[in-house]
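K.L.:
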Amino acid sequence: MVVYIEEYRQMPKVNFYTVRLENEEDSETDRFISRFIASHEYRPDLEVILAALEEIGARRGALPPGDATFFRPERDAVALPPPQAYGNLLRLYGFICSDDIMVLGGGGRKTTKKAQDGDTRPAFRMMNQVAEILKHRLKNQTVWIENQQLHGAYHQMNLPG
1 MVVYIEEYRQ
11 MPKVNFYTVR
21 LENEEDSETD
31 RFISRFIASH
41 EYRPDLEVIL
51 AALEEIGARR
61 GALPPGDATF
71 FRPERDAVAL
81 PPPQAYGNLL
91 RLYGFICSDD
101 IMVLGGGGRK
111 TTKKAQDGDT
121 RPAFRMMNQV
131 AEILKHRLKN
141 QTVWIENQQL
151 HGAYHQMNLP
161 G
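So for the sequence shown, UniProt numbering puts the first residue at 1; every next one is plus one.
(1) Tell me which residues share the same chain as E22 and place their Cβ nearer than 6 Å to its Cβ, disregarding the 5 neighbours each side in the sequence.
(2) Give the single residue among N88, L80, A85 whose Cα lies nearest to the Cα of G105.
(3) Run through DSSP, which three-state label would R75 get?
(4) Could you say if the segment 49-66 and the segment 96-110 meet the contact criterion of at least three C-beta pairs nearer than 8 Å?
(5) By the DSSP assignment, the beta strand (DSSP E) with S27 in it spans what residues?
(6) Would you tell me roughly how many angstroms separate the C-alpha atoms of E42 and Q141, rounded to the nearest one?
(7) Of all the options A85, L90, G107, which has the alpha carbon lying nearest to the alpha carbon of E28?
(8) Just checking my contact of Q156 with Y4 at CB under 8 Å: how many whole Å lie between their CB atoms?
(9) Is E6 helix, strand or coil when you go by DSSP?
(10) Does the distance from the C-beta atom of V130 to that of V103 stay below 8 Å?
(11) Return the residue from the list V48, L92, D76 that minimises the CA-CA distance to Y86.
Below you can see the structure in the form of structure tokens.
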């Protein structure tokens with residue numbers, strides 16, 4: 001499966017990138033938002049996630065992925081909302097490249113105890129595959145960060161089936 005990493009939203013503290021599947025017009029992040037924005041049941045949960053992104057981008061920065069007060073660790077990826085948003089049934093997955101660069105993926109409804117099962121499974125798997133590749137490319141310096149931007153070979157990735 002081919003995915004593209006594209007600029008999504010530049011904010012004072014964080015430049016957000018997003019994942020888009022080949023042959024898809026919308027990014028995984030936009031598809032996640034569109035799926036739940038009109039839902040009476042899930043819109044409040046989505047608004048908590050969007051507020052967290054606003055806080056990260058405008059005031060906080062991405063901080064280390066190990067900051068369990070704000071991000072839920074999900075293998076190589078992280079998930080929003082913050083853990084203190086108890087009862088929130090949505091998850092949006094991402095990967096923190098640095099304090100000022102975060103790649104957002106998709107998400108879904110938390111329907112099972114484990115993130116790698118149920119409705120969140122595809123987004124969880126994809127974001128962890130993207131995170132693994134980006135970590136490797138950052139380590140090998142085929143991707144690097146300069147002036148709050150990703151540079152190098154980050155635009156396209158071939159993910160395993």
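The C-beta atom is built at its ideal place from N, Cα and C for all residues, glycine as well. For clarity, every value in this text was computed on a predicted model and none was experimentally measured.
P.N.:
Result, derived from the coordinates:
(1) Only V2 meet the Cβ criterion.
(2) Per the Cα distances, L80.
(3) coil
(4) yes
(5) Secondary structure note for S27: it is in no beta strand (DSSP E), with a DSSP letter that is neither H nor E.
(6) The sequence as given places Tyr at residue 42; Glu does not occur at that position. Rounded to the nearest whole angstrom, the CA to CA distance from Y42 to Q141 is 40 Å.
(7) G107
(8) 6 Å
(9) strand
(10) With respect to the 8 Å criterion, V130 and V103 are classified as neighbours on the basis of their beta carbons.
(11) V48
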